[in-house]
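Residue numbers (UniProt numbering): 1 to 281. Yeah, the Cβ is synthetic: ideal placement off N, Cα and C, and Gly gets one too. None of these values were measured; they are calculated from a predicted model. Heads up, the thing below is written out as structure tokens.
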């Protein structure tokens, strides 16, 4: 007599024998974020130890978490450098400085924010940026898989989806955040502000374009309002421009431009309401 569900069981046995990653690999992302953010910002710590001994211990724990994650992944990624955790730790002072600037920029941009500490503690935009900056540093070092796990964790918790390969400058602001998508080859300058629902994406989704610049460039001091979509690797939004909510852009915009959506209403028998995209220099 055939075993109940025998075909399913045999299929899963074979699949698990060829599975690429150990079961605990996903746990590395939340563990690392918890330890790094608690180290950099007391806002995320369960307790605050101001002693040099305590801080040295926290630093050692972060490096140990990274080393353990790398040891877990190394058999699947031959050629990974064992000094990646040390090199990441050397970058943490700069990551911390950039995140402080991000928090200050968010506080300055949002009338509802009372102070920088409130931004760090409660704003999902800051939390997503913090995880992105940590993931981007690891991605730049060639650390396998973990950067993608980190940014997916941020995506789950905040609704903000930033590929760790994107390059984002200082004083970055994400307001509200839900639905923001920033693709792998996006370049974002200094002092950029984006709002919920913004997509910085590719014009074409083809595997053969994986090594090409597929996503837009957003120059310094640009503001992109809610639900705007900007697509294409050749698309450049010039410095100081303002992009209105719901704009759909697939071509470059000159510096100091204002892209607007103008709604025109006519008699119902003649036409329905429509949106017209225009920009002013």
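Assumed close pair residue i, residue j - CB separation to whole angstroms, cut-off 8 angstroms
i: residue 95; j: residue 132; result: Contact doesn't hold; Cβ gap of about 10 angstroms is too wide.
i: residue 136; j: residue 164; result: 5 angstroms
i: residue 301; j: residue 32; result: Not covered by the structure: residue 301. The range shown for the chain is 1 to 281.
i: residue 217; j: residue 249; result: So it is not a contact: roughly 12 angstroms between Cβ atoms.
i: residue 22; j: residue 80; result: The pair is not a contact, with the Cβ atoms about 15 angstroms apart (cut-off 8 angstroms).
i: residue 219; j: residue 237; result: 6 angstroms
i: residue 110; j: residue 43; result: That belief does not hold up - the Cβ atoms of residue 110 and residue 43 are roughly 17 angstroms apart, past 8 angstroms.
i: residue 167; j: residue 187; result: 5 angstroms
Residue closest to residue i, alpha-carbon to alpha-carbon, out of the options
i: residue 55; options: 37, 102, 198; result: 37
i: residue 176; options: 252, 7, 227; result: 227
i: residue 29; options: 188, 233, 67; result: 67
i: residue 138; options: 86, 200, 199, 257; result: 86
i: residue 246; options: 236, 204, 168, 260; result: 260
i: residue 76; options: 212, 169, 18; result: 18
i: residue 25; options: 140, 169, 74, 254; result: 74
i: residue 143; options: 78, 50, 53; result: 78
i: residue 88; options: 147, 254, 141, 183; result: 141
Own chain partners of residue i with C-beta closer than 8 angstroms, once the 5 adjacent residues on each side are dropped
i: residue 35; result: 58, 61, 62, 65
i: residue 178; result: 124, 158, 159, 160, 196, 197
i: residue 221; result: 189, 190, 191, 192, 239, 240
i: residue 9; result: 3
i: residue 244; result: 225, 228, 258, 259, 260, 261
i: residue 251; result: 232, 235
i: residue 20; result: 76
Neighbourhood of residue i by C-beta distance below 7 angstroms, restricted to the same chain and skipping five residues each side
i: residue 130; result: 37, 99
i: residue 45; result: 38
i: residue 119; result: 103, 106, 107, 113, 126
i: residue 271; result: Note that residue 271 scores 40 on pLDDT, short of 50, meaning its location in the model is unreliable; the coordinates nonetheless yield the value given after this. Counting only Cβ-Cβ distances below 7 angstroms, and skipping sequence neighbours, we find nothing.
i: residue 15; result: none
i: residue 91; result: 137
i: residue 101; result: 170, 171
Residue i - DSSP class collapsed to helix/strand/coil
i: residue 68; result: helix
i: residue 187; result: strand
i: residue 248; result: strand
i: residue 201; result: strand
i: residue 80; result: coil
i: residue 225; result: coil
i: residue 239; result: coil
i: residue 117; result: helix
i: residue 24; result: helix
i: residue 53; result: helix
i: residue 181; result: strand
i: residue 47; result: coil
i: residue 214; result: coil
i: residue 274; result: Confidence in residue 274 is poor, its pLDDT being 39 and thus under 50, which makes the residue's placement too unreliable to answer from.
i: residue 125; result: helix
i: residue 102; result: helix
i: residue 152; result: helix
i: residue 94; result: helix
i: residue 8; result: helix
i: residue 88; result: helix
i: residue 108; result: helix
i: residue 145; result: coil
Cutoff 6 angstroms; reference residue i; Cβ partners in own chain excluding five residues on either side
i: residue 105; result: 171, 173
i: residue 223; result: 193, 242
i: residue 214; result: 185, 202, 233
i: residue 199; result: 181, 229
i: residue 150; result: 29, 131, 135
i: residue 40; result: 96
One or two residues paired with residue i in a DSSP bridge
i: residue 167; result: 187
i: residue 175; result: 195
i: residue 231; result: 201
i: residue 16; result: Its beta-bridge partners do not exist; DSSP assigns none.
i: residue 161; result: 181
i: residue 253; result: 237
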